[in-house]
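**Student:** Below is a structure I'd like to ask you about.
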Amino acid sequence: MVTEEDYLETKASFLKQKQKQIEMERIVEVNQDFLTPRLEREQAKEELMHAYKRVLDSKVLVSMMDGSRLVGSAARASGPGSVAHHFSSGPGSVAHHFSSGPGSVSPEWIARRKLGPALSAQRPLKVVAPAANDDEAYDGGGTQRRIASRSPQRSLDFYWINLDESFERRASMERMFESAAASFPTVRSTRVTGIDTEAVRDMLRRGRVKLKEGLATAPPGAEEETWRLNFRNEYTEGQFACALSHLTAIKRAYDDNSELALILEDDVSVPASFLETWESYVAMAPPDWTVLQWYTNNAVVMNASFHNQDPWISWLPGHWGTQAYMVNRDGMERILRGMQGDASADWYFGDDIVVADELLYALAGRTYTATRTLGI
Numbered sequence: 001m002v003t004e005e006d007y008l009e010t011k012a013s014f015l016k017q018k019q020k021q022i023e024m025e026r027i028v029e030v031n032q033d034f035l036t037p038r039l040e041r042e043q044a045k046e047e048l049m050h051a052y053k054r055v056l057d058s059k060v061l062v063s064m065m066d067g068s069r070l071v072g073s074a075a076r077a078s079g080p081g082s083v084a085h086h087f088s089s090g091p092g093s094v095a096h097h098f099s100s101g102p103g104s105v106s107p108e109w110i111a112r113r114k115l116g117p118a119l120s121a122q123r124p125l126k127v128v129a130p131a132a133n134d135d136e137a138y139d140g141g142g143t144q145r146r147i148a149s150r151s152p153q154r155s156l157d158f159y160w161i162n163l164d165e166s167f168e169r170r171a172s173m174e175r176m177f178e179s180a181a182a183s184f185p186t187v188r189s190t191r192v193t194g195i196d197t198e199a200v201r202d203m204l205r206r207g208r209v210k211l212k213e214g215l216a217t218a219p220p221g222a223e224e225e226t227w228r229l230n231f232r233n234e235y236t237e238g239q240f241a242c243a244l245s246h247l248t249a250i251k252r253a254y255d256d257n258s259e260l261a262l263i264l265e266d267d268v269s270v271p272a273s274f275l276e277t278w279e280s281y282v283a284m285a286p287p288d289w290t291v292l293q294w295y296t297n298n299a300v301v302m303n304a305s306f307h308n309q310d311p312w313i314s315w316l317p318g319h320w321g322t323q324a325y326m327v328n329r330d331g332m333e334r335i336l337r338g339m340q341g342d343a344s345a346d347w348y349f350g351d352d353i354v355v356a357d358e359l360l361y362a363l364a365g366r367t368y369t370a371t372r373t374l375g376i
């Protein structure tokens, strides 16, 4: 009999493997012109993809079990035939390919790599006309100065998700940001219309959202525990709606050319203390971050925050919550690219991941969780 603990343990292992897969794919993509001649590059990439296919094939979230323990834990084993061995040792390993020999790329070289134009100097002033419909933008006077995400001073774009029928929450968020704009003119907020379950059904019917084979929506009104549905790769329409709402917000930020976006749900309060101190706190995050999770309802993390000396810890499956998270340009690109496996659809769910926090933070690759919420 599979227990919820078994399911969560195996799900956590899969998500961490997914993060590693995305990171290694990114290394190959970014540095392919600096590695080896073309044929060797293609061979290395093919071996890399083959190895991660073994990871995905070996995980068993939905079918195989050994007594009360999931067989997927075998994917974490080491040894000559394991994925870990393939990546970490021997002349044919990926680690060897990147770290040794005349065609290798050292970590020091990667660290010295010149920043792209997205991280260059200050951008010009941009006039933003007040909007009269949904997705209204408040910028404290009609102008906004966009500054690159690694500049000493940074503007911050807020994107908050709100369902059309949630009138009171919308009014509360608008009042909060109108008040904030008076003291913090670089803050811009944009409402993003949330996606409800009816919209999910419509998007699936019209082919705007597609699911990989074996992934399905749970029957409406299913009374079974959610984790048991998820174990069978069935996810509720509400879970899809939540994930799609966040993906829509991230795409809106990306299309707006935002360098640094804080995505919020509409029950979050942003105090003045956060607006005053967020930048110095972000400066303490690991420099490779793509997403910073500002809040989690994980009891262990919340309790540890009273004595944890590290301002940021690596995100782990179980650090639940998408109430408030910051995503930079690289993170937006990673997430959006990970959802575009089918050109005929707006969104393609190509892995056994639908729950919003697991999906977004795994696709982003380098996610960290704050041990202090700064009042959020």
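According to this note's numbering, the stretch in the sequence shown is residues 1 to 376, in order.
Even for Gly, the Cβ is constructed at its ideal location relative to N, Cα and C.
Can you give me the Cβ contacts of L374 inside the same chain, cut-off strictly under 7 Å, excluding the 5 residues immediately before and after it?
**Tutor:** As a position in the sequence shown, residue 374 is number 374, starting the count at 1. The answer, listed in chain order, is S273, F274, T277, W278, Y281.
**Student:** Tell me the residue span of the alpha helix (DSSP H) that contains K251.
**Tutor:** Residue mapping note: residue 251 aligns to position 251 of the sequence shown, counting from 1. Here the alpha helix (DSSP H) through K251 covers 237-255.
**Student:** Compute the minimum distance between the beta carbon of E9 and the heavy atoms of the ligand GDP, and state whether it is under 7 Å.
**Tutor:** No copy of the ligand GDP appears in this structure; indeed no ligand is present at all.
**Student:** Below 8 Å, can you find three or more Cβ-Cβ pairs linking the segment 259-269 to the segment 340-356?
**Tutor:** No: the two stretches stay apart, fewer than three of their Cβ pairs being nearer than 8 Å.
**Student:** On a Cα-Cα basis, can you pick out the residue from V187, G214, H307, I250 that is closest to G194?
**Tutor:** Position 194 of the sequence shown, counting from 1, holds the residue named residue 194. Minimum Cα distance to G194 is reached at I250.
**Student:** In chain order, what residues of the same chain have a beta carbon less than 7 Å from the beta carbon of T197, not counting five sequence neighbours either side?
**Tutor:** For the purposes of this step, residue 197 is taken as residue 197 along the sequence shown, with counting starting at 1. E237, G238, A241.
**Student:** Just to confirm the assignment, what range does the alpha helix (DSSP H) spanning D357 have?
**Tutor:** Locating residue 357 in the sequence shown gives position 357, counting from the first residue. 356-364 is the extent of the alpha helix (DSSP H) around D357.
**Student:** At the level of alpha carbons, what is the spacing between T190 and L363?
**Tutor:** Here the question's residue 190 lines up with position 190 in the sequence shown. Here the question's residue 363 lines up with position 363 in the sequence shown. Roughly 24 Å between the two C-alpha positions.
**Student:** Name the one or two DSSP bridge partners that W320 has.
**Tutor:** Counted from its first residue, the sequence shown places residue 320 at position 320. DSSP, once it has assigned bridges, lists no residue as partnering W320.
**Student:** Hey, how far is the Cα of T369 from the Cα of D310?
**Tutor:** Position 369 of the sequence shown holds residue 369. Position 310 of the sequence shown holds residue 310. Near 10 Å, if we compare the C-alpha coordinates of D310 and T369.
**Student:** Determine the extent of the alpha helix (DSSP H) in which D379 is found, giving its start and end residues.
**Tutor:** One cannot answer for residue 379 here, as it falls past the ends of the chain, which runs 1 to 376.
**Student:** Starting from the Cα of Y159, find the closest Cα among W289, F177, E165, E168 and give me that residue.
**Tutor:** Along the sequence shown, read from residue 1 onward, the residue named residue 159 stands at position 159. Ranking W289, F177, E165, E168 by Cα distance to Y159 puts F177 first.
**Student:** To the nearest angstrom, how far is it from the Cα of S258 to the Cα of T296?
**Tutor:** Within the sequence shown, residue 258 is the residue found at index 258, counting from 1. Within the sequence shown, residue 296 is the residue found at index 296, counting from 1. Whole-angstrom Cα-Cα distance: 24 Å.
**Student:** Using 10 angstroms around the beta-carbon of E225, count the other beta-carbons present and answer buried if the total reaches 16, otherwise exposed.
**Tutor:** Residue mapping note: residue 225 aligns to position 225 of the sequence shown, counting from 1. So E225 ends up on the exposed side.
**Student:** Rounding to the nearest angstrom, what Cα-Cα distance links L244 and D202 in this structure?
**Tutor:** By one-based count along the sequence shown, residue 244 stands at place 244. By one-based count along the sequence shown, residue 202 stands at place 202. Going from the Cα of L244 to the Cα of D202 covers about 13 Å.
**Student:** Does DSSP put W347 in a helix, in a strand, or in coil?
**Tutor:** For the purposes of this step, residue 347 is taken as the residue at position 347 of the sequence shown. If DSSP states are grouped into helix, strand and coil, W347 belongs with the strands.
**Student:** What does the alpha-carbon distance come out to for the pair D157 and G214?
**Tutor:** Mapped onto the sequence shown, residue 157 falls at position 157. Mapped onto the sequence shown, residue 214 falls at position 214. Cα to Cα, the separation comes out at about 37 Å.
**Student:** Look up V187 in the DSSP assignment and say whether it is helix, strand or coil.
**Tutor:** Residue numbering aside, residue 187 sits at position 187 when the sequence shown is read from its first letter. In this structure, V187 counts as strand in the three-state DSSP scheme.
**Student:** Name the two residues that bound the continuous alpha helix (DSSP H) containing L156.
**Tutor:** Taking the sequence shown and counting its residues from 1, one reaches residue 156 at position 156. Run containing L156: none in the alpha helix (DSSP H); it sits in the beta strand (DSSP E), 156-162.
**Student:** Between which residues of its own chain and S314 is the CB-CB distance below 7 Å, once the five residues before and five after are set aside?
**Tutor:** Taking the first residue of the sequence shown as position 1, residue 314 is located at position 314. Closer than 7 Å at Cβ, skipping near neighbours: Y368.
**Student:** Applying the 10 Å Cβ sphere with the 16-neighbour rule, what's the burial state of D357?
**Tutor:** As a working mapping, residue 357 is identified with position 357 in the sequence shown. Buried: at least 16 other Cβ atoms inside 10 Å.
**Student:** Under DSSP, the beta strand (DSSP E) around A261 begins and ends at which residues?
**Tutor:** Indexing the sequence shown from 1 puts residue 261 at position 261. From DSSP, the beta strand (DSSP E) with A261 extends over 260-265.
**Student:** Here's the rule I'm using: 16 or more other beta-carbon atoms within 10 Å means buried, otherwise exposed. How should P317 be labelled?
**Tutor:** Position 317 of the sequence shown, counted from the first residue, corresponds to residue 317. It is buried - the Cβ of P317 has at least 16 other Cβ atoms within 10 Å.
**Student:** For the alpha helix (DSSP H) that contains T367, what are its first and last residues?
**Tutor:** Here residue 367 corresponds to residue number 367 of the sequence shown, with the count starting at 1. That residue, T367, is in no alpha helix (DSSP H); its beta strand (DSSP E) goes 367-370.
**Student:** Does the separation of the CB atoms of T217 and E234 fall below 8 Å?
**Tutor:** Within the sequence shown, residue 217 is the residue found at index 217, counting from 1. Within the sequence shown, residue 234 is the residue found at index 234, counting from 1. Result yes, Cβ atoms of T217 and E234 sit closer than 8 Å.
**Student:** Anyone know if the C-beta pair for N162 and R175 falls short of 8 Å?
**Tutor:** Mapped onto the sequence shown, residue 162 falls at position 162. Mapped onto the sequence shown, residue 175 falls at position 175. No, these two residues do not count as a Cβ contact at 8 Å.
**Student:** Classify T255: buried if its beta carbon has 16 or more other beta carbons within 10 angstroms, exposed otherwise.
**Tutor:** In the sequence shown, counting from the first residue as 1, residue 255 sits at position 255. For the record, residue 255 in the displayed sequence is Asp; it is not Thr. Exposed, since its Cβ has fewer than 16 Cβ neighbours within 10 Å.
**Student:** If you compare alpha carbons, which of I353, E9, D342 is closest to K210?
**Tutor:** Numbered from 1 along the sequence shown, position 210 holds the residue referred to as residue 210. Of I353, E9, D342, the residue nearest in Cα terms is D342.
**Student:** Starting from N328, follow its DSSP beta bridges and name the residues at the other end.
**Tutor:** On the sequence shown, position 328 is the one that residue 328 refers to. Paired residues: L260.
**Student:** Give every residue of the same chain whose Cβ lies closer than 7 Å to the Cβ of L336, excluding the five residues on either side of it in the sequence, and list them in chain order.
**Tutor:** If you number the sequence shown from 1, residue 336 lands on position 336. Here the set comprises I250, K251, Y254.
**Student:** Do I376 and W289 have their C-beta atoms closer together than 8 Å?
**Tutor:** Indexing the sequence shown from 1 puts residue 376 at position 376. Indexing the sequence shown from 1 puts residue 289 at position 289. Taking 8 Å as the Cβ cut-off, I376 and W289 do not qualify as a contacting pair.
**Student:** I'd like the list of long-range same chain contacts for Q323, defined as Cβ closer than 6 Å, with 5 residues on each side in sequence excluded.
**Tutor:** To locate residue 323, count along the sequence shown from 1; it is residue 323. Result list for Q323: E265, V268, Y295, in chain order.
**Student:** Could you give the first and the last residue of the continuous alpha helix (DSSP H) run that contains L275?
**Tutor:** Locating residue 275 in the sequence shown gives position 275, where the first residue counts as 1. Element bounds for L275: 272-282.
**Student:** Rounded C-beta distance between A285 and W312? I'm assuming under 8 Å.
**Tutor:** The residue labelled residue 285 in the question sits at position 285 within the sequence shown. The residue labelled residue 312 in the question sits at position 312 within the sequence shown. Correct: roughly 5 Å between the Cβ atoms.
**Student:** Put A285 into one of helix, strand or coil per three-state DSSP.
**Tutor:** The residue labelled residue 285 in the question sits at position 285 within the sequence shown. If DSSP states are grouped into helix, strand and coil, A285 belongs with coil.
**Student:** Would V301 and H319 qualify as a contact pair, given that the criterion is a beta-carbon distance under 8 Å?
**Tutor:** Within the sequence shown, the letter at position 301 stands for residue 301. Within the sequence shown, the letter at position 319 stands for residue 319. Against a cut-off of 8 Å, the Cβ pair of H319 and V301 comes out as a contact.
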